[in-house]
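Okay, so here's the structure we're looking at.
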Amino acid sequence: MELLAWLEQTDFSVWLRESDWGHPIMLCFHAVGMAIVVGIFFMYSARILGYARDFPPSAFDRLFSLAWFGFAVNAVSGVVLYFGEPRRLLATPAFWIKMILIVFAGLSLWALAKALHADTHDSVGLPGPDGALAGAAVVSRNARIAVICSVIFWLGAITAGRLIGYNIPPPPL
Amino acid sequence: MTEGEVLHWIKELPLGAAVRESRWLFAMGETLHLIGLCFMVGGLLIVDLRLLGFIRRVPMRAAVAFLPFVIFGFLINLATGIEFFMTDPFMYWPNPAFRLKMLLILLAGLNALMFTVMEHRRVLVPAGGKNMGAYVKLTAGPFVESVACRHSPRQIAAGVRRIDEIFLKYASICRAGKGALFAPCPSGSAGVGTRSLSSGRPKAGPVGFAHPAKLITRRTESAGAMLPQSPYRRVRHWNDRIARRKSILRNAGQFTSEK
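Sequences listed follow chains R and X, in order. At position 86 of the first sequence the residue is numbered 85 (numbering that gives the first Met the number 0), and the sequence of numbers has no breaks. At position 147 of the second sequence the residue is numbered 146 (numbering that gives the first Met the number 0), and the sequence of numbers has no breaks.
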């Protein structure tokens, strides 16, 4: 806690809180990164759930590299935003909910990757370079559940992230 | 009605009052605004990156199929944005950032409209989406598209093959010229050098003092097997295909003639 109090009193943290530009600019980066990560993921989940079937799913590999870039932007800007008000954020439930939801979203993406991998390897006789997902092939129930869970987690993370801004003021130093 | 009166009228509409009184409506609107942004950016990334040639093996039609998400996200953002504006028009209206944002959205809308009118159909017609006009590149982003996107692989291969042929011709001219000028064949000197001393068979190679042009025709006539492998993978690929086609035709011809 002393460390956080010290962090809150550094010049950088004060600048982030009190200057006209520090916080808004970081928030802009955070929003743009979010749009890239979640936007690409939403489109991917739409594809998994059966939208635009002639879109080869493996083409998302390149888009995912872009999504990772967006995630890096968000990680950096998120850490910087945290430096602005470390004690208030730790005391804010929405912050913790957001972090937990992001972890859950990551876990469900991992489960999705596993389910899709199982799909491609279990299914024999599905033609095409994209394995089980080629053409009108059906995605397994597990993959669908993982995708839907992940979408819900991301939506929840966005909501919680927005609510961080509405929460209690920081405790006095 | 003056500007202030209009803003005041907007502010007094029931929706704005409801949002101002509620504790949650504004926050929910902001959340929805962010979610709509995600839908919009996600769909736009796919469409624009395809137009730019970033994910070229995706059929154009499949990429453009994601446009409804963009429209869906935009409608969410339009509705929630109107909600924000109605809560406090006097705060938003004079704000330069708000005006800049509206201007940029207007430009983006005009851009999308021009794309729809001018290029949409043209992009969708060729299956691979190879022939994309200048406006596509301008609308899809500030990146300069490579030559490879404007020409089909076949066109490129043909062009490179033509360059290869020209290069080979010049190379043979140079070689022939060199042989003719600096190492004249000794055929003129009473046949001393034309036959090898050991076997007595005629030596291979050009006999006499040939004009370079004739050498070229002779070389290109017998070309085929003499063509060295091209350093370009695409050219090798197309040369192979052409050779295969030729051999198939030749075999077919033999077959029919034998019959």
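Backbone N, C-alpha and C define an ideal beta-carbon position, used for all residues, glycine too.
* Asked: Helix or strand or just coil, what does DSSP make of D47/X?
  -> In the second sequence, counting from the first residue as 1, residue 47/X sits at position 48. Note: D47/X maps to helix in three-state DSSP.
* **Own chain partners of S44/R with C-beta closer than 6 Å, once the 5 adjacent residues on each side are dropped** => If you number the first sequence from 1, residue 44/R lands on position 45. Taken in chain order, the residues that qualify are V146, V150.
* Answer with yes or no whether the minimum CB distance from G80/X to chain R is below 8 Å. => Position 81 of the second sequence, counting from 1, holds the residue named residue 80/X. No - not a single Cβ of chain R is within 8 Å of the one on G80/X.
* Rounded C-alpha distance that separates A159/R from W237/X -> Taking the first residue of the first sequence as 1, we reach residue 159/R at position 160. Taking the first residue of the second sequence as 1, we reach residue 237/X at position 238. Cα to Cα, the separation comes out at about 57 Å.
* Contact set between V234/X and chain R, taken where Cβ atoms lie within less than 7 Å -> Numbered from its first residue, the second sequence carries residue 234/X at position 235. Within chain R, no residue comes near V234/X; the closest Cβ sits about 25 Å away, beyond 7 Å.
* **Within chain X, the residues that M98/R reaches when beta carbons sit closer than 7 Å** => In the first sequence, the residue the question calls residue 98/R occupies position 99. Result: empty, since nearest Cβ-Cβ is about 17 Å, beyond 7 Å.
* Asked: Taking the continuous alpha helix (DSSP H) assigned at T86/X, which residues delimit it?
  -> One-based indexing of the second sequence puts residue 86/X at position 87. Residues 66–86.
* **Cβ shell of S221/X (< 8 Å), same chain only, five flanking positions each side left out** => For the purposes of this step, residue 221/X is identified with residue 222 of the second sequence, where counting begins at 1. Residue placement at S221/X cannot be trusted, given a pLDDT of 42 that sits under 50; what the coordinates show is reported in the next sentence. Taken in chain order, the list of residues that qualify is empty.
* Answer yes or no: do G42/X and F65/X have a C-beta to C-beta separation smaller than 8 Å? => Reading the second sequence from its first residue, position 43 is the one you call residue 42/X. Reading the second sequence from its first residue, position 66 is the one you call residue 65/X. Yes. Within cutoff.
* **CB contact below 8 Å: A71/R versus chain X** => Position 72 of the first sequence, counted from the start, is the residue given in the question as residue 71/R. Cβ-Cβ to chain X under 8 Å: no for A71/R.
* For W23/X, the nearest candidate out of L77/X, W8/X, E82/X (CA to CA) -> As a position in the second sequence, residue 23/X is number 24, starting the count at 1. Measuring from the Cα of W23/X, the nearest candidate turns out to be E82/X.
* To do: Could you tell me whether the stretch 49–66 of chain X touches the stretch 52–59 of chain R, where touching means 3 or more Cβ pairs closer than 8 Å?
  => yes
* Rounded distance between the beta-carbons of L33/X and A30/R, thought under 8 Å -> Counting from 1 along the first sequence, the entry for residue 30/R is found at position 31. Counting from 1 along the second sequence, the entry for residue 33/X is found at position 34. About 7 Å; that satisfies the 8 Å criterion.
* Identify whether L115/R lies in helix, strand or coil by the three-state DSSP scheme. => Working through the first sequence from its first residue, we reach residue 115/R at position 116. It is helical.
* To do: Measure the CB-CB distance between V72/R and F28/R and report whether it falls below 8 Å.
  => What you label residue 72/R is simply residue 73 of the first sequence in a count that begins at 1. What you label residue 28/R is simply residue 29 of the first sequence in a count that begins at 1. Their beta carbons are under 8 Å apart, which means V72/R touches F28/R by this criterion.
* Kindly list, in the order they appear in chain X, the residues whose Cβ is closer than 7 Å to that of A58/R. => On the first sequence, residue 58/R is found 59 positions in, with the first residue counted as 1. Residues of chain X passing the Cβ test: I54, R56, V57.
* Since L3/R and I39/R are thought to touch, with beta carbons under 8 Å apart, how far apart are those beta carbons, to the nearest angstrom? -> Here the question's residue 3/R lines up with position 4 in the first sequence. Here the question's residue 39/R lines up with position 40 in the first sequence. Not really, about 34 Å apart at Cβ, beyond 8 Å.
* Taking only the alpha-carbon atoms, compute the straight-line gap between L26/R and M33/R and give it to the nearest angstrom. => What you label residue 26/R is simply residue 27 of the first sequence in a count that begins at 1. What you label residue 33/R is simply residue 34 of the first sequence in a count that begins at 1. If I take the Cα positions, the gap works out to 10 Å.
* Between the stretch 105–117 of chain R and the stretch 6–18 of chain R, are three or more C-beta pairs nearer than 8 Å? -> no
* Asked: Sorted by chain position, which residues of the same chain lie with C-beta nearer than 8 Å to G83/R's C-beta, five sequence neighbours on each side aside?
  -> In the first sequence, counting from the first residue as 1, residue 83/R sits at position 84. Cβ within range, chain order: S12, L15, R16, G21, H22, M25.
* Measure the beta-carbon distance from R140/R to E29/X and round it to whole angstroms, keeping in mind my assumption that it falls under 8 Å. => The sequence position of residue 140/R within the first sequence is 141, counting from 1. The sequence position of residue 29/X within the second sequence is 30, counting from 1. With a Cβ gap of about 35 Å, R140/R and E29/X do not count as contacting.
* Asked: Taking all protein chains shown into account, do 16 or more other C-beta atoms lie within 10 angstroms of the C-beta of L108/R, making it buried, or fewer, making it exposed?
  -> Here residue 108/R refers to the residue found at position 109 when the first sequence is read from its first residue. When all chains shown are included, L108/R counts as buried.
* Which same chain residues, not among the five before or five after W92/X, have their C-beta less than 7 Å away from its C-beta? -> By one-based count along the second sequence, residue 92/X stands at place 93. For W92/X, where only same-chain residues beyond five positions count, the Cβ hits under 7 Å are L6.
* **Contact set between the stretch 33–45 of chain X and chain R, restricted to residues whose Cβ is under 9 Å from the partner** => L33, I34, L36, C37, F38, M39, V40, G41, G42, L43, L44, I45
* Mind checking if F65/X is an interface residue toward chain R, Cβ cutoff 8 Å exclusive? -> Taking the first residue of the second sequence as 1, we reach residue 65/X at position 66. Yes - at least one Cβ of chain R is within 8 Å of the one on F65/X.
* Asked: When you compare each of G105/R, R52/R, F70/R, E1/R to F152/R by their alpha carbons, which one comes out closest?
  -> If you number the first sequence from 1, residue 152/R lands on position 153. The shortest Cα separation from F152/R among G105/R, R52/R, F70/R, E1/R belongs to G105/R.
* Proximal chain R residues relative to E29/X, where beta-carbon distance stays under 7 Å -> For this step, residue 29/X is matched to residue 30 along the second sequence. Chain R residues near E29/X: R161.
* Whole-angstrom C-beta distance between L88/R and I163/R, which should lie under 8 Å -> Taking the first residue of the first sequence as 1, we reach residue 163/R at position 164. Taking the first residue of the first sequence as 1, we reach residue 88/R at position 89. Confirmed, about 7 Å.
* Please decide whether R244/X counts as near chain R, where near means a Cβ-Cβ distance under 8 Å. => Indexing the second sequence from 1 puts residue 244/X at position 245. So, not an interface residue.
* **C-beta contact flag for V57/X and F54/R at 8 Å** => Within the second sequence, the letter at position 58 stands for residue 57/X. Within the first sequence, the letter at position 55 stands for residue 54/R. Yes, they are a contact pair.
* On the three-state DSSP scale, how would you describe M0/R? -> Within the first sequence, the letter at position 1 stands for residue 0/R. Of the three classes helix, strand and coil, the one that applies to M0/R here is coil, per DSSP.
* **Cβ pair I9/X, P88/X closer than 8 Å** => Residue numbering aside, residue 9/X sits at position 10 when the second sequence is read from its first letter. Residue numbering aside, residue 88/X sits at position 89 when the second sequence is read from its first letter. For I9/X and P88/X, yes; Cβs fall inside 8 Å.
* Asked: What in chain X is Cβ-close to I151/R, meaning under 8 Å?
  -> Numbered from its first residue, the first sequence carries residue 151/R at position 152. Those within 8 Å of I151/R in chain X number zero; the least Cβ separation is about 12 Å.
* **Segments of 3+ residues assigned as beta strand (DSSP E) that fall wholly inside the stretch 55–103 of chain R** => none
* First through last residue of the alpha helix (DSSP H) which encompasses M0/X -> Indexing the second sequence from 1 puts residue 0/X at position 1. Neither: M0/X is in no alpha helix (DSSP H) and is coded neither H nor E.
* Kindly give me the distance between the Cβ atoms of T86/X and V18/X, rounded to whole angstroms, as I take these residues to be in contact under 8 Å. => Translated into positions along the second sequence, residue 86/X becomes position 87. Translated into positions along the second sequence, residue 18/X becomes position 19. Confirmed, about 5 Å.
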